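If you read the sequences in order, they're chains V, D and B.
The opening position of the first sequence corresponds to residue 1 in my numbering, with each subsequent residue numbered one higher.
The opening position of the second sequence corresponds to residue 1 in my numbering, with each subsequent residue numbered one higher.
The opening position of the third sequence corresponds to residue 1 in my numbering, with each subsequent residue numbered one higher.
Contents: one structure, followed by commentary.
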Amino acid sequence: MAEMNTQEYWRWPEYRHTVLDKDWHNSKIITAGVDVGSVGSKAVVMLDGELYAYSAMRTGGVSEATAVKVMNWAIEETGLKLDDLHYVVGTGYGRVNVPFAKRTITEIACHARGAHYIYGPTVRTVLDIGGQDCKAIRCDERGKVLSFLMNDKCAAGTGRGLEVFADLVSVPIQDLGKVSLSVDEEPQPVSNTCVIFAKAESLALLRQGWPKERVAAAYHAAMADRIVDLLMRVGVEKDFVVTGGVAKNAGVIERVERLLSIKSLKPNIDPILAGSLGAALFAKALYEKQIGLR
Amino acid sequence: MTRLQTLEGFYQNHIQPYYQNAHNAERDGKPIAYVASTFPVEILQAMDITPIWPENYASVCAARQVSVRLAEIAERRGYSRDLCSYARTTIGSILTTEKDILPEGGMPKPTFLVASTAACDTHLKWFQVLSHHLKRPLYLLDSPYNITGADAENLEPHYIQQYMSQLEELITFLEKQTNTKLDKNRLRKIIELSDRTSNLWLEIQDYRRTIPAPMGARDAFSAVFFMLCIPATQTAVNFYEKLRDEVKERAKNGIGKIQNERYRLIWDNLPMWFNLKFFNYLNNLGAVTVAETFSHVWTGSLDPSKPLESLAKKYLPNFANCSVERRINLILNLAKDFHANGIILPTNWGCRMMSIGETIVKEVLYEKLGVPSLILNVDSSDWRNYNEAQVKNQIETFIETLNA
Amino acid sequence: MTANGAVDKFRELFETRDAIAAEWKNRGKKTIGCISIYTPEEVIYAAESLPVGILGGTKSFAKANVYLPSFSCSFICGFLEKLLENEYRYLDLVTLPSLCDSIWGFYSIWKQISSNPEIYLLHYPSKRSGEAIKYFTKEVEKFKNFLEKFTGKEISKKALEIAVDVYNENRRLLKRLYMLRKSESPPIFGFEALEVVLSSMTTPKTLHNELLKELLTDLAARQEYPEGEVRLLISGHILDNTDILRVVEGAGGLVVADDLDSGSRYFWSLVENTHNPIENVSQRYLNLPSPYGPNVKGRIKHLTDMIKEFNVEGVVFLTRRFCDPYLFDHPILEQVLKQLGVPFLHLEHAYPLAKASLRTRVEAFIEMLR
Numbered sequence: 001m002a003e004m005n006t007q008e009y010w011r012w013p014e015y016r017h018t019v020l021d022k023d024w025h026n027s028k029i030i031t032a033g034v035d036v037g038s039v040g041s042k043a044v045v046m047l048d049g050e051l052y053a054y055s056a057m058r059t060g061g062v063s064e065a066t067a068v069k070v071m072n073w074a075i076e077e078t079g080l081k082l083d084d085l086h087y088v089v090g091t092g093y094g095r096v097n098v099p100f101a102k103r104t105i106t107e108i109a110c111h112a113r114g115a116h117y118i119y120g121p122t123v124r125t126v127l128d129i130g131g132q133d134c135k136a137i138r139c140d141e142r143g144k145v146l147s148f149l150m151n152d153k154c155a156a157g158t159g160r161g162l163e164v165f166a167d168l169v170s171v172p173i174q175d176l177g178k179v180s181l182s183v184d185e186e187p188q189p190v191s192n193t194c195v196i197f198a199k200a201e202s203l204a205l206l207r208q209g210w211p212k213e214r215v216a217a218a219y220h221a222a223m224a225d226r227i228v229d230l231l232m233r234v235g236v237e238k239d240f241v242v243t244g245g246v247a248k249n250a251g252v253i254e255r256v257e258r259l260l261s262i263k264s265l266k267p268n269i270d271p272i273l274a275g276s277l278g279a280a281l282f283a284k285a286l287y288e289k290q291i292g293l294r
Numbered sequence: 001m002t003r004l005q006t007l008e009g010f011y012q013n014h015i016q017p018y019y020q021n022a023h024n025a026e027r028d029g030k031p032i033a034y035v036a037s038t039f040p041v042e043i044l045q046a047m048d049i050t051p052i053w054p055e056n057y058a059s060v061c062a063a064r065q066v067s068v069r070l071a072e073i074a075e076r077r078g079y080s081r082d083l084c085s086y087a088r089t090t091i092g093s094i095l096t097t098e099k100d101i102l103p104e105g106g107m108p109k110p111t112f113l114v115a116s117t118a119a120c121d122t123h124l125k126w127f128q129v130l131s132h133h134l135k136r137p138l139y140l141l142d143s144p145y146n147i148t149g150a151d152a153e154n155l156e157p158h159y160i161q162q163y164m165s166q167l168e169e170l171i172t173f174l175e176k177q178t179n180t181k182l183d184k185n186r187l188r189k190i191i192e193l194s195d196r197t198s199n200l201w202l203e204i205q206d207y208r209r210t211i212p213a214p215m216g217a218r219d220a221f222s223a224v225f226f227m228l229c230i231p232a233t234q235t236a237v238n239f240y241e242k243l244r245d246e247v248k249e250r251a252k253n254g255i256g257k258i259q260n261e262r263y264r265l266i267w268d269n270l271p272m273w274f275n276l277k278f279f280n281y282l283n284n285l286g287a288v289t290v291a292e293t294f295s296h297v298w299t300g301s302l303d304p305s306k307p308l309e310s311l312a313k314k315y316l317p318n319f320a321n322c323s324v325e326r327r328i329n330l331i332l333n334l335a336k337d338f339h340a341n342g343i344i345l346p347t348n349w350g351c352r353m354m355s356i357g358e359t360i361v362k363e364v365l366y367e368k369l370g371v372p373s374l375i376l377n378v379d380s381s382d383w384r385n386y387n388e389a390q391v392k393n394q395i396e397t398f399i400e401t402l403n404a
Numbered sequence: 001m002t003a004n005g006a007v008d009k010f011r012e013l014f015e016t017r018d019a020i021a022a023e024w025k026n027r028g029k030k031t032i033g034c035i036s037i038y039t040p041e042e043v044i045y046a047a048e049s050l051p052v053g054i055l056g057g058t059k060s061f062a063k064a065n066v067y068l069p070s071f072s073c074s075f076i077c078g079f080l081e082k083l084l085e086n087e088y089r090y091l092d093l094v095t096l097p098s099l100c101d102s103i104w105g106f107y108s109i110w111k112q113i114s115s116n117p118e119i120y121l122l123h124y125p126s127k128r129s130g131e132a133i134k135y136f137t138k139e140v141e142k143f144k145n146f147l148e149k150f151t152g153k154e155i156s157k158k159a160l161e162i163a164v165d166v167y168n169e170n171r172r173l174l175k176r177l178y179m180l181r182k183s184e185s186p187p188i189f190g191f192e193a194l195e196v197v198l199s200s201m202t203t204p205k206t207l208h209n210e211l212l213k214e215l216l217t218d219l220a221a222r223q224e225y226p227e228g229e230v231r232l233l234i235s236g237h238i239l240d241n242t243d244i245l246r247v248v249e250g251a252g253g254l255v256v257a258d259d260l261d262s263g264s265r266y267f268w269s270l271v272e273n274t275h276n277p278i279e280n281v282s283q284r285y286l287n288l289p290s291p292y293g294p295n296v297k298g299r300i301k302h303l304t305d306m307i308k309e310f311n312v313e314g315v316v317f318l319t320r321r322f323c324d325p326y327l328f329d330h331p332i333l334e335q336v337l338k339q340l341g342v343p344f345l346h347l348e349h350a351y352p353l354a355k356a357s358l359r360t361r362v363e364a365f366i367e368m369l370r
């Protein structure tokens with residue numbers, strides 16, 4: 001009997017990593033940020049404001065359990081225990097469900113702060129494309145939010161929209177962006193009003209005989225359109241950067257850059273961590289305040 | 001599907017010169033007004049003020065496939081995507097810095113804007129926004145609400161008086177703006193022309209009662225331009241005489257719009273200006289539109305010896321100024337008189353004025369005449385609200401029920 | 001989080017509004033549904049009838065959507081739903097102002113659906129000129145004549161003068177209440193202020209006046225004060241329940257002022273004098289700052305005055321989906337605030353409320369202002 005193909009194209013790989021070759025026993029302030037998104041959860045540990053270890057995994061059915069899991073996974077192999085953390089801040093959709101967090105701060109403030117950490121003090125516009133929402137944030141040189149706009153009504157222009165599409169064309173989600181760029185000519189975008197329309201139109205194109213690459217291009221173009229709409233409403237100022245899981249999809253990012261005629265800075269740290277990084281940095285500031293250092 | 005000779009090259013022969021003319025007026029420093037539908041444009045024409053209709057311009061942008069691009073510009077400036085697509089398109093055309101994408105060079109800058117409160121509330125807000133961005137004054141004509149939907153003959157005298165006094169106020173405003181005086185004789189001539197245009201248009205529509213119908217929706221939505229935008233011109237009269245003669249001839253000789261006319265439809269509300277081919281698609285299914293609400297709501301008899309009173313009697317019974325009952329009765333009568341066997345009720349996303357009451361229209365038409373209706377979710381100028389596969393499916397299913 | 005019991009009475013009044021109206025009817029009098037802010041309620045009062053502010057409600061609109069398209073205003077949809085579910089069976093009459101297509105359309109179709117309750121449309125001109133005031137005065141006069149016939153009660157000049165006095169008193173007392181919120185430590189939450197104003201729209205005015213006087217005395221002696229990190233103003237339409245304000249104030253904001261149909265705009269201006277009550281009433285109602293018609297200047301003035309007077313640090317704009325008058329004004333208002341350097345948050349909302357999503361935005365806004 002032939003084996004059933006049970007590959008889940010939408011499922012992106014989960015991972016953890018210890019970054020610094022450091023002994024945390026020598027650190028003064030150990031903080032953590034936990035970003036419980038509706039699709040993915042991330043945890044980050046920082047030693048005196050420097051990234052030490054992190055983990056990223058899919059958010060399960062119960063936010064609280066996921067928060068504990070992702071935090072424990074981040075500190076696995078480091079020897080740290082939860083109690084060793086001086087201050088934890090929760091952020092993201094499920095931020096109120098981080099039982100060991102002392103404080104919650106919205107993902108908007110955290111992404112701005114995290115982007116500042118990842119990309120530097122020249123950042124003025126942050127685009128966060130998350131699992132189920134999309135945010136455009138204007139910030140100042142300290143990474144403080146000046147204004148923002150969110151789109152969380154529809155999966156169009158979000159990671160979830162890409163997961164749906166990956167399934168549709170049977171391409172692993174992490175390859176999707178590259179696939180969409182391997183076309184000679186940009187096709188017309190599919191509907192960007194609603195992901196259900198976009199999916200239906202994509203299906204129709206596939207049936208018409210369009211190659212996957214072309215359909216992917218049309219889909220990514222629609223996503224980029226929708227994202228640019230949001231960005232233009234908040235106004236884009238250099239330097240422009242992208243955070244969130246979808247930042248790794250070159251197909252979306254390149255098209256957004258093209259439409260805006262502006263290049264985004266390239267990160268040295270996984271941009272999916274921006275929210276949790278910002279949270280961990282806020283945690284440091286709050287801890288310093290608590291012990292009277294500020 | 002036969003084409004009407006008179007309408008060949010309509011866009012190049014009439015729409016383009018209309019906008020060119022307006023640009024020339026701007027260049028020569030002559031007064032230009034942005035006008036909202038239901039406004040007594042005859043007064044403007046009597047004072048040589050060039051009327052520009054943002055509604056018409058929105059339909060031009062849609063036909064030229066740039067309306068969505070312009071709407072996006074308005075949306076990015078904070079105008080909600082749920083607002084009337086006419087408004088978003090024209091606001092975008094005012095705000096855009098890419099002037100070269102504007103069809104016909106865009107709308108020329110107006111000297112002022114005018115609107116009547118008989119129009120929908122959206123129109124008034126839309127014009128407020130245009131006035132704000134263009135930094136030009138907006139003059140409002142306060143129209144009493146024709147609450148009973150009375151015909152011209154049955155209007156309450158104080159409504160007519162009220163409207164006439166508003167016209168006097170309007171004239172004062174216009175005289176000030178243009179530094180001229182309204183010539184009463186000229187007004188009488190204008191009224192006469194407008195009356196003639198109106199009568200010719202109605203005559204043309206009447207020939208569509210013939211089986212087979214000699215003219216369809218695509219034709220009507222082009223030709224109605226004169227009736228709507230510049231009724232009081234000799235060009236309008238001449239054009240409609242020609243069109244009338246052609247349509248009359250066809251009706252006499254049994255030349256229908258399509259060869260095998262199987263279904264006769266009434267089309268309510270607006271067309272998809274970006275997709276007028278849709279009517280060809282209907283033709284190919286054996287369906288012809290025999291009447292549109294749009295073609296039957298702008299006319300009105302005018303008596304040149306009583307210009308202001310005539311205008312009151314023409315504009316007060318406008319369906320936009322009455323309750324939905326008037327529209328229900330209009331469609332009922334059209335269905336009867338034009339021997340229709342189906343009604344299409346397209347919605348225009350966000351257009352409450354036209355869509356509120358559609359379900360009642362549907363009910364009444366079926367109850368009283370056994371004529372079924374189809375409500376379609378489309379849009380006049382924003383094709384993002386149009387899902388072709390879905391709509392065609394609905395049409396084809398509907399047509400099947402007409403067979404039964 | 002709630003203040004001491006001083007405001008509870010008003011919440012109770014508001015929550016038992018149906019019973020209050022029913023009791024009024026039992027005394028053989030009429031109840032007349034209306035959109036309070038835009039209705040010359042004094043005329044209704046003078047006919048010994050109870051004006052009842054109609055509300056949109058927040059449930060689904062399954063019944064209403066049979067008659068109204070999906071892009072209809074949620075306020076009118078909600079009201080129609082309530083009518084179709086028989087929740088307003090105590091209303092003898094509904095009077096509506098001809099201000100927008102949704103209301104006008106609703107009037108049109110209600111006439112086709114039912115005559116219970118009866119419906120009356122009051123026509124508002126769009127201008128504010130002398131001619132327009134004359135026209136509107138005639139309309140209000142017509143309304144008065146209609147009410148006399150409908151209720152069987154003569155509406156004398158004296159009765160109107162008394163009505164104006166009672167209503168002006170209510171306005172003065174509500175304004176005094178609001179003025180207390182100018183202080184650094186306002187004595188009530190924004191959601192409590194809303195409850196007080198909403199109850200004014202559904203309670204007999206003389207009773208409401210008495211309770212307001214008591215409230216003002218109670219508040220003078222108050223020890224506990226609501227806490228909040230930033231002083232906010234809410235701007236928008238008719239807010240017919242406290243959900244959104246509770247989310248805002250639960251996130252750390254303190255709503256110290258508003259620019260709402262069901263807030264300051266309801267009572268901010270008085271009817272001038274009473275030698276010709278119908279004319280003076282008409283003039284006051286015609287000059288209300290509102291988004292209807294092309295009159296955004298009036299709105300800008302009221303909004304900016306409130307911001308200055310109440311030392312507001314941030315503005316939360318509330319727009320209902322598909323509400324054209326507010327949506328067309330909105331970008332202009334944002335521009336005004338940008339020029340003034342006042343931060344703002346725009347909450348577009350539809351029912352049912354997506355509380356988590358609202359909360360995130362509000363929290364992020366408050367974080368921004370800190």
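Note that CB positions come from ideal geometry on N, CA and C, so glycine has one too.
In this text the structure is predicted, and so the values were computed from the model without any measurement.
For residue i, the three-state DSSP class (helix, strand or coil)
| i | result |
| --- | --- |
| arginine 77/D | coil |
| valine 52/B | strand |
| alanine 274/V | helix |
| methionine 272/D | coil |
| threonine 111/D | coil |
| cysteine 154/V | coil |
| methionine 306/B | helix |
Contact under 8 Å by Cβ, residue i with residue j
| i | j | result |
| --- | --- | --- |
| cysteine 100/B | tyrosine 292/B | yes |
| glycine 114/V | alanine 274/V | yes |
| threonine 359/D | valine 378/D | no |
| methionine 71/V | alanine 32/V | yes |
| isoleucine 356/D | isoleucine 109/B | yes |
| isoleucine 52/D | alanine 22/D | yes |
| leucine 146/V | cysteine 139/V | yes |
With 16 other Cβ atoms within 10 Å as the buried cut-off, status of residue i
| i | result |
| --- | --- |
| tyrosine 15/V | exposed |
| tyrosine 366/D | exposed |
| alanine 220/B | exposed |
| alanine 2/V | Confidence is the limiting factor: at alanine 2/V the pLDDT is only 47, short of 50, which leaves the residue's position unreliable, though a coordinate-based value still follows. Alanine 2/V is exposed by the Cβ-count criterion. |
| methionine 1/B | Confidence is the limiting factor: at methionine 1/B the pLDDT is only 40, short of 50, which leaves the residue's position unreliable and the question unanswerable from this model. |
Continuous beta strand (DSSP E) stretch holding residue i: start and end
| i | result |
| --- | --- |
| asparagine 21/D | No beta strand (DSSP E) contains asparagine 21/D, which is instead part of the alpha helix (DSSP H) from 16-27. |
| histidine 346/B | 344-349 |
Endpoints, the alpha helix (DSSP H) within which residue i is located
| i | result |
| --- | --- |
| glycine 250/B | 243-250 |
| serine 129/B | Unbroken run through serine 129/B: none, as it is neither H nor E. |
Opposing strand residues paired with residue i [DSSP bridges]
| i | result |
| --- | --- |
| lysine 42/V | Asp35/V, Ala56/V |
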